[in-house]
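Protein chains in written order, with my numbering: chain A, 1 to 225; chain B, 226 to 450. Structure record follows, encoded as structure tokens.
2 protein chains.
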Amino acid sequence: MITAEQRRSSTHERFREQVRGDVKGVALSQLAAGGPQSISLNAIAKELGVSGPALYRYYAKRDDLLDDIVIDAYHDLRDAMDQAVVATTDLPDPAERMRELARAYRRWALEHPHRYELLFKPLFPGYDAHGEPIAEASAMLIGPALGLLGDGGTRSRLDARPEDVDHVVRVWSRLHGIVSLEIGGTYAAMDVDADELFATEMESVTARLARPSTVQQGRAVPSGD
Amino acid sequence: MITAEQRRSSTHERFREQVRGDVKGVALSQLAAGGPQSISLNAIAKELGVSGPALYRYYAKRDDLLDDIVIDAYHDLRDAMDQAVVATTDLPDPAERMRELARAYRRWALEHPHRYELLFKPLFPGYDAHGEPIAEASAMLIGPALGLLGDGGTRSRLDARPEDVDHVVRVWSRLHGIVSLEIGGTYAAMDVDADELFATEMESVTARLARPSTVQQGRAVPSGD
DNA sequence: TCCCATAAATTAGAAGCTCTAACTTCGTAG
DNA sequence: CTACGAAGTTAGAGCTTCTAATTTATGGGA
Chain A
1 MITAEQRRSS
11 THERFREQVR
21 GDVKGVALSQ
31 LAAGGPQSIS
41 LNAIAKELGV
51 SGPALYRYYA
61 KRDDLLDDIV
71 IDAYHDLRDA
81 MDQAVVATTD
91 LPDPAERMRE
101 LARAYRRWAL
111 EHPHRYELLF
121 KPLFPGYDAH
131 GEPIAEASAM
141 LIGPALGLLG
151 DGGTRSRLDA
161 RPEDVDHVVR
171 VWSRLHGIVS
181 LEIGGTYAAM
191 DVDADELFAT
201 EMESVTARLA
211 RPSTVQQGRA
221 VPSGD
Chain B
226 MITAEQRRSS
236 THERFREQVR
246 GDVKGVALSQ
256 LAAGGPQSIS
266 LNAIAKELGV
276 SGPALYRYYA
286 KRDDLLDDIV
296 IDAYHDLRDA
306 MDQAVVATTD
316 LPDPAERMRE
326 LARAYRRWAL
336 EHPHRYELLF
346 KPLFPGYDAH
356 GEPIAEASAM
366 LIGPALGLLG
376 DGGTRSRLDA
386 RPEDVDHVVR
396 VWSRLHGIVS
406 LEIGGTYAAM
416 DVDADELFAT
426 EMESVTARLA
436 RPSTVQQGRA
446 VPSGD
């Protein structure tokens, strides 16, 4: 008899996790090749050498696999942002740190365009319905930026200052608009220099970030940009 | 024998166009109900009382129907923007006209969220490949804004000033970022006032639009925001 | 070592989809 | 009135997701 206690974190569960990883690996290559439409459990099974419904032991529905891929993408982007945060701890200028964070965000999106687009899709069917996962995902993405604005750790990101949240959301909106159009090929089609547009826009949106030495706690100036 | 000459704009062709309209109507309701995934030629046929492959006389592939829907959406959004342009001819302030244009854009997107998202999708499979349709669509969407900045008709939108194109693309990027996140439910999930955020952002991005009386030809100041 | 419960994988198959092919129906031009 | 061409029909191939029943493999307890 194998108890649930033993199943968790045993070789069994590790094996299952490994299979799920393989499935997601093939799914990601399908995603990159032909978009989310072309992710097929059947084709993945054939690719992995197993046959058909075997994968339904690991994902009850195809959408569960897609959800897993979306969650992974969120964590991956978040990791890239966290790395940018720790890599810039020496920089004294919070505006420059914010810009570096934005660059990391854009870099990840351009490296994984299909996954980035997937991040803003799954709300399709009932786009006004499920607010909790969206709130969770949003909090995840603005977390690093809030950490940059906050007073260095004493304040949790969950109860950030409303003006900081507002400011970060504005930065994010602008960032997302640029990255989204860039991935879509709009800039390329119009001969717009995406690098330059991104640089000047991010300069503008972070310009008035007060330096910690000038203003207490390094908080942002709430109004304007 | 029916010549191609006669087929065009005869009752035949008009009937075909009417059927295509019915098909698209059902497709749009399916789109609103369950996203583009759930648009099915089979189900549409059943809904229209005809059976199965009959619709393949009107759309060779399912993707052709989707393309048609995307094109319609582009024209529809463009129409909404054009209406905003003509409705504000009396306003002397180009900044306020631009803001009204942005409001029309946002209004359309919020009224047709699924169609708006569809506008930025179809580039998925080979997102670096087909640049012509993207260029065409982009030119279509920034046309009204370029008309607002241009010297009142003597200059065609096709050879607009590079600084005007740059400025409009920046406005569009910001607009799209906000609208896209709003449709995705991000603002709602984070208790951010979308109306206010949109208003202040559009104020900021159009603030430095020179008035025609102050600067010749009402051109925009290229730098800054 | 043997047994047997449990997990994993298999095949069969239902229901749905896109899309092709062949056949029938019907309106209309000549 | 004929006969051509367009529109719609059924049949069916091939793909998909996902369920059900069955077999195979594995590993802990006696």
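Glycine included, each C-beta is placed from N, C-alpha and C at the ideal position.
Next on the checklist: So within the segment 38-69 of chain A, which uninterrupted beta strand (DSSP E) runs reach at least 3 residues, ignoring any that extend past its ends?
Outcome noted: Look at the segment 38-69 of chain A and you find no whole run of beta strand (DSSP E) that is 3 residues long or longer.
Checklist entry - The alpha helix (DSSP H) spanning residue 189 of chain A covers which residue range? => result That run of the alpha helix (DSSP H) goes 186-189.
Item to check | With 16 other Cβ atoms within 10 Å as the buried cut-off, status of residue 12 of chain A | outcome: Residue 12 of chain A should be labelled exposed.
Item to check | Rounded straight-line distance, which links the Cα of residue 39 of chain A to that of residue 141 of chain A | outcome: Distance between the alpha carbons of residue 141 of chain A and residue 39 of chain A is about 26 angstroms.
Checklist entry - residue 343 of chain B: buried (16+ other C-beta within 10 angstroms of its C-beta) or exposed? => result Label assigned to residue 343 of chain B: buried.
Checklist entry - Rounded to a whole number of angstroms, what is the C-alpha to C-alpha distance between residue 114 of chain A and residue 297 of chain B? => result Each residue's alpha carbon lies about 25 angstroms from the other.
Checklist entry - How close, in whole Å, do the beta carbons of residue 101 of chain A and residue 144 of chain A come, if the pair is a contact with beta carbons under 8 angstroms? => result The C-beta distance from residue 101 of chain A to residue 144 of chain A rounds to 6 angstroms, short enough to meet the 8 angstroms contact threshold.
Checklist entry - In this structure, does DSSP put residue 432 of chain B in helix, strand or coil? => result Reduced to three states, the DSSP call for residue 432 of chain B is coil.
Next on the checklist: Which residues of the segment 250-268 of chain B have a Cβ closer than 9 angstroms to any Cβ of chain A? Give them in chain order.
Outcome noted: Here the close residues are 258, 259, 260, 261, 262, 263.
Item to check | Proximity winner among B:249, B:389, B:401, relative to residue 371 of chain B (alpha-carbon distances) | outcome: Checked all of B:249, B:389, B:401; the closest Cα to residue 371 of chain B is B:389.
Item to check | Boundaries of the alpha helix (DSSP H) in which residue 316 of chain B is found, first to last residue | outcome: First-last for residue 316 of chain B: undefined, no H or E at that position.
Next on the checklist: I need the boundaries of the alpha helix (DSSP H) containing residue 251 of chain B, first residue and last residue.
Outcome noted: Note, residue 251 of chain B: alpha helix (DSSP H), 236-259.
Next on the checklist: Against chain A, which members of the segment 401-424 of chain B pass a CB distance test of less than 8 angstroms?
Outcome noted: Those residues of the segment 401-424 of chain B that come within reach of chain A (Cβ to Cβ, closer than 8 angstroms) are 401, 402, 403, 405, 406, 408, 409, 410, 411, 412, 413, 414, 415, 417, 422.
Checklist entry - Does the Cβ of residue 402 of chain B have 16 or more other Cβ atoms within 10 Å, making it buried, or fewer, making it exposed? => result Buried: at least 16 other Cβ atoms inside 10 Å.
Checklist entry - For the segment 382-398 of chain B, which residues have a CB atom closer than 8 angstroms to at least one CB atom of chain A, in sequence order? => result Of all residues in the segment 382-398 of chain B, 390, 391, 394, 395, 397, 398 have a Cβ within less than 8 angstroms of some Cβ in chain A.
Checklist entry - Can you name the residues of chain B whose CB is closer than 7 angstroms to the CB of residue 135 of chain A? => result Chain-ordered, the chain B residues with CB closer than 7 angstroms to the CB of residue 135 of chain A read 414, 415.
Checklist entry - Quick one: does residue 111 of chain A have its CB under 8 angstroms from some CB of chain B? => result For residue 111 of chain A, the nearest beta carbon of chain B is not closer than 8 angstroms to its own beta carbon.
Checklist entry - alpha helix (DSSP H) containing residue 340 of chain B: first to last residue? => result Taken as a continuous stretch (DSSP letters only), the alpha helix (DSSP H) holding residue 340 of chain B covers 338-344.
Checklist entry - So what's residue 237 of chain A in DSSP terms, helix, strand or just coil? => result Look at the range of chain A in this structure, 1 to 225, and you will see that residue 237 of chain A is not part of it.
Checklist entry - Of all Cβ atoms in chain B, is any one closer than 8 angstroms to the Cβ of residue 15 of chain A? => result Chain B has no Cβ within less than 8 angstroms of the Cβ of residue 15 of chain A.
Checklist entry - Within the present structure, is the beta-carbon of residue 260 of chain B separated from the nearest heavy atom of the ligand PLP by less than 7 angstroms? => result Of ligands this structure carries none, so the ligand PLP is not represented either.
Checklist entry - Taking one C-beta from the segment 241-248 of chain B and one from the segment 279-290 of chain B each time, how about it: are there three or more such pairs within less than 8 angstroms? => result Touching, yes, given that three or more Cβ pairs across the two stretches are closer than 8 angstroms.
Next on the checklist: Can you list, in chain order, the residues of its chain with a C-beta nearer than 7 angstroms to that of residue 373 of chain B? Leave out the 5 residues immediately preceding and following it.
Outcome noted: 310, 319, 322, 323, 326, listed in sequence order.
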